[in-house]
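Student: The structure follows.
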Amino acid sequence: MPQTEQAGLTPRQVQSFIDDGFVKIENAFSTDLAKQCRDELWADIGLSPDEPENWTRPVVRVGFKASPSFIDAANAPPLHKVYDQLVGEGRWLAPTALGTFPIRFPSTELPGDDGWHVDMSFGTTNADFMEWRVNVKSSGRALLMLFLFSDVGADDAPTQIRKGSHATIARKLLHYGEAGATLRQLSAEDYASTRDCEIELATGAAGSVYLCHPFLVHAAQPHRGKRPRFMAQPPLLPKGEFNPALPASPVQIAIRRACGLTV
521 MPQTEQAGLT PRQVQSFIDD GFVKIENAFS TDLAKQCRDE LWADIGLSPD EPENWTRPVV
581 RVGFKASPSF IDAANAPPLH KVYDQLVGEG RWLAPTALGT FPIRFPSTEL PGDDGWHVDM
641 SFGTTNADFM EWRVNVKSSG RALLMLFLFS DVGADDAPTQ IRKGSHATIA RKLLHYGEAG
701 ATLRQLSAED YASTRDCEIE LATGAAGSVY LCHPFLVHAA QPHRGKRPRF MAQPPLLPKG
761 EFNPALPASP VQIAIRRACG LTV
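Counting from 521, one number per residue, gives the positions in the sequence shown under the working numbering.
Below, the structure written as structure tokens:
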């Protein structure tokens with residue numbers, strides 16, 4: 521269901537986020553703004569939408585973008601409303617940039633980055649990315665977000681999402697305590713434990729945004745379509761650490777229910 525600035529999420533959509541681990545916001549920002557962002561990204565990578573003969577790699581990455589177009593997309597009023605609903609009013613930081621951008625091109629070559637995983641949330645200053653960490657409180661990350669800057673169909677390398685997988689990962693992280701687990705410690709076996717989850721494809725029109733629980737298991741896939749896919753996958757950063765004195769947010773409710781704790 522498309523969202524409006526006034527409406528935000530319905531109670532049913534909030535519950536769907538708790539149960540499934542994500543919610544799709546259609547028309548979060550305009551198609552004109554999406555095109556402005558695409559034009560910047562084309563310039564950054566030195567390629568053209570009109571010269572497919574130069575699209576020789578399956579994926580080209582761009583780091584964080586802090587130009588006005590991207591900041592406007594990240595802070596579209598409908599999104600601010602939903603950030604409040606999912607994370608808690610006053611508990612998140614307004615994005616000052618967006619990224620990273622795995623720009624995927626039609627290719628018969630495998631991208632090499634299509635394994636199932638969750639994104640790590642803290643310890644990211646460590647030069648060894650395998651030591652980056654995530655804990656059961658989701659320190660350092662309030663949401664995983666997927667911003668679609670191009671139309672994305674089923675053949676256009678949409679991110680694969682395992683519905684409900686966030687609950688399985690929450691239970692596994694509980695055993696690691698506040699120190700959390702590293703990317704190295706969360707093994708392929710841990711992710712394989714979510715293999716029976718239904719898969720959702722993050723498809724939609726340019727201007728759509730998927731707001732995901734930080735523990736949602738997801739994966740890239742090869743591009744089998746015709747037009748490049750432009751997407752950003754930034755975190756929404758929390759304003760501070762978990763405060764048990766505040767009412768539990770939907771992000772926290774999902775974790776507590778998964779771990780068998782009183783909500």
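Virtual Cβ for every residue (Gly too), placed ideally from N, Cα, C.
Quick one: does S550 have its CB under 8 Å from some CB of chain B?
Tutor: Reference to chain B is not applicable here, since this structure consists of a single protein chain.
Student: Taking 7 Å as the limit between beta carbons, can you name the residues of its chain near E571, skipping five residues before and five after?
Tutor: Stepping through the sequence shown from its first residue, residue 571 is reached at position 51. Counting only residues of its own chain and dropping the five nearest sequence neighbours on each side, E571 has no CB closer than 7 Å to any other CB.
Student: Going by C-alpha distance, which of R611, N646, A594 and E718 is nearest P770?
Tutor: As a working note, residue 770 is residue 250 in the sequence shown. For the residues R611, N646, A594 and E718, the minimum Cα distance to P770 belongs to R611.
Student: List the endpoints of the continuous alpha helix (DSSP H) containing Y730.
Tutor: As a position in the sequence shown, residue 730 is number 210, starting the count at 1. No alpha helix (DSSP H) holds Y730; the beta strand (DSSP E) holding it covers V729 to C732.
Student: What does DSSP give as the partner residue(s) for I681 in the beta ladder?
Tutor: Stepping through the sequence shown from its first residue, residue 681 is reached at position 161. In the DSSP output, where bridge partners are listed per residue, I681 has E720 and H738.
Student: Sorted by chain position, which residues of the same chain lie with C-beta nearer than 8 Å to D592's C-beta, five sequence neighbours on each side aside?
Tutor: Taking the first residue of the sequence shown as 1, we reach residue 592 at position 72. F549 and L553.
Student: Assuming L781 and V729 make a contact with CB atoms under 8 Å, what is their CB distance in whole Å?
Tutor: As a first step, residue 781 must be located in the sequence shown, where it is residue number 261. As a first step, residue 729 must be located in the sequence shown, where it is residue number 209. Contact between L781 and V729 is absent: CB atoms are separated by about 29 Å, not below the 8 Å threshold.
Student: Under DSSP, the alpha helix (DSSP H) around R776 begins and ends at which residues?
Tutor: Locating residue 776 in the sequence shown gives position 256, where the first residue counts as 1. Looking at the DSSP string, the run of the alpha helix (DSSP H) that includes R776 is P770 to A778.
Student: Let's see if you can read the secondary structure: which residues bound the alpha helix (DSSP H) around K657?
Tutor: Residue 657 sits at position 137 when you count from the first residue of the sequence shown. Annotation for K657: no alpha helix (DSSP H) segment contains it, and DSSP assigns it neither H nor E.
Student: List the endpoints of the continuous beta strand (DSSP E) containing P622.
Tutor: Taking the first residue of the sequence shown as position 1, residue 622 is located at position 102. Segment F621 to R624, the beta strand (DSSP E) holding P622.
Student: Thinking C-alpha only, which one of A614, P615, T616 and P631 is nearest R622?
Tutor: The residue labelled residue 622 in the question sits at position 102 within the sequence shown. This sequence places Pro at residue 622; Arg is not what is there. The option with the nearest alpha carbon to P622 is P631.
Student: Going by the CB atoms, is the gap between V582 and D564 shorter than 8 Å?
Tutor: Here the question's residue 564 lines up with position 44 in the sequence shown. Here the question's residue 582 lines up with position 62 in the sequence shown. Taking 8 Å as the Cβ cut-off, D564 and V582 qualify as a contacting pair.
Student: Using the C-alpha atoms, what's the distance from G541 back to Y711?
Tutor: Position 191 of the sequence shown holds residue 711. Position 21 of the sequence shown holds residue 541. Cα to Cα, Y711 sits roughly 15 Å from G541.
Student: Could you name the residues of the same chain whose beta carbon sits closer than 7 Å to that of G528, not counting the 5 residues immediately before and after it, in chain order?
Tutor: Looking up residue 528 in the sequence shown gives position 8. For G528, where only same-chain residues beyond five positions count, the Cβ hits under 7 Å are K601, V602 and Q605.
Student: According to the Cβ coordinates, are C717 and K683 closer than 8 Å?
Tutor: Within the sequence shown, the letter at position 197 stands for residue 717. Within the sequence shown, the letter at position 163 stands for residue 683. Yes, the pair counts as a contact, with Cβ atoms nearer than the cut-off.
Student: Could you give the distance in angstroms between the alpha-carbon of L721 and the alpha-carbon of Q680?
Tutor: Sequence index remark: in the sequence shown, residue 721 carries index 201 (1-based). Sequence index remark: in the sequence shown, residue 680 carries index 160 (1-based). Going from the Cα of L721 to the Cα of Q680 covers about 5 Å.
Student: Who are the near neighbours of Q535 in its chain, counting only those whose CB is closer than 7 Å to its CB and skipping five residues on each side?
Tutor: Taking the first residue of the sequence shown as position 1, residue 535 is located at position 15. Excluding residues within five positions, none has a Cβ falling inside 7 Å.
Student: Is it true that the CB of V656 sits closer than 8 Å to the CB of I538?
Tutor: To locate residue 538, count along the sequence shown from 1; it is residue 18. To locate residue 656, count along the sequence shown from 1; it is residue 136. For I538 and V656, no; Cβs fall outside 8 Å.
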